[in-house]
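>
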Amino acid sequence: MKTKLILSAMIIMFAAVGLQAQDKKKKNENNLETVEIQTSAVCGMCKERLEHDMAFEKGVKSVELNNETKVLTIKYKKDKNTKENLKKAVTKIGYDADEMQAELKAYNALPACCKKDAAPH
Ligand SMILES: [Cu+2]
Numbered sequence: 002m003k004t005k006l007i008l009s010a011m012i013i014m015f016a017a018v019g020l021q022a023q024d025k026k027k028k029n030e031n032n033l034e035t036v037e038i039q040t041s042a043v044c045g046m047c048k049e050r051l052e053h054d055m056a057f058e059k060g061v062k063s064v065e066l067n068n069e070t071k072v073l074t075i076k077y078k079k080d081k082n083t084k085e086n087l088k089k090a091v092t093k094i095g096y097d098a099d100e101m102q103a104e105l106k107a108y109n110a111l112p113a114c115c116k117k118d119a120a121p122h
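Okay, structure coming up:
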């Protein structure tokens with residue numbers, strides 16, 4: 002009888018912990034936002050640069066640049082960052098972000114092949 006009680010108590014405890022973990026997971030998923038930013042990336046080096054640098058921005062979970070469309074897809078925690086701020090970060094790397102222009106200083110520091118007027122290659 003006593004073992005049965007202890008066993009039931011343990012099962013209830015495990016169930017409670019499991020529910021809590023599920024809640025936390027749900028909360029984390031709800032907190033994730035996905036944004037798409039049109040960039041002026043040109044080549045594979047741009048892709049590497051953008052994906053690498055943007056991964057260090059606050060709250061960013063994943064970054065991917067589409068080779069064809071040059072659209073940067075970023076998943077981030079919405080309580081840690083904003084789309085405006087992420088766009089600004091893209092301009093600071095030297096690329097246009099939607100309607101925002103690349104920061105001149107960063108843009109000038111890019112290799113010639115990564116400048117937006119470079120021929121596609
Ligand atoms: Cu490039």
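The sequence shown: position 59 = 60 (the numbering used here), numbered continuously. The beta carbon of each residue, even a glycine, is placed where N, CA and C say it ideally should be.
1. Please state the DSSP three-state secondary structure of Ser-63.
2. Rounded to whole angstroms, what is the Cα-Cα separation between Gly-60 and Lys-81?
3. Go ahead and label Asp-118 buried or exposed: buried means 16 or more other beta carbons lie within 10 angstroms of its beta carbon, across all protein chains shown.
4. Specify the secondary structure class of Glu-37 as computed by DSSP and reduced to three states.
5. I'd like to check one pair, Asp-99 with Ser-41: are the Cβ atoms closer than 8 Å?
6. Measuring CA to CA, which of Asn-86, Thr-70, Phe-57, Lys-79 is closest to Cys-44?
7. For Glu-37, which residues in the same chain have their Cβ closer than 6 Å to its Cβ, ignoring the five residues on either side in sequence?
8. Indicate whether Lys-79 and Asn-32 have their beta-carbon atoms separated by less than 8 Å.
9. So if DSSP puts Met-101 in a beta bridge, which residue, or which two residues, is it bridged to?
10. Once DSSP output is grouped into helix, strand and coil, what is the label at Leu-87?
11. Rounded C-beta distance between Glu-104 and Lys-93? I'm assuming under 8 Å.
According to the structure data:
1. In the three-state scheme derived from DSSP, where H, G and I count as helix and E and B as strand, Ser-63 is classed as strand.
2. Whole-angstrom Cα-Cα distance: 5 Å.
3. By the 10 Å Cβ count, Asp-118 comes out exposed.
4. In the three-state scheme derived from DSSP, where H, G and I count as helix and E and B as strand, Glu-37 is classed as strand.
5. No, Cβ-Cβ distance for Ser-41 and Asp-99 is not below 8 Å.
6. Nearest C-alpha to Cys-44: Thr-70.
7. Excluding residues within five positions, the ones whose Cβ falls inside 6 Å are Val-72, Thr-74.
8. For the 8 Å CB-CB criterion, Lys-79 and Asn-32 form a contact.
9. By DSSP's assignment, Met-101 forms a beta bridge with Ala-98.
10. Note: Leu-87 maps to helix in three-state DSSP.
11. Taking the Cβ atoms as the reference, Glu-104 lies roughly 5 Å from Lys-93, within the contact range of under 8 Å.
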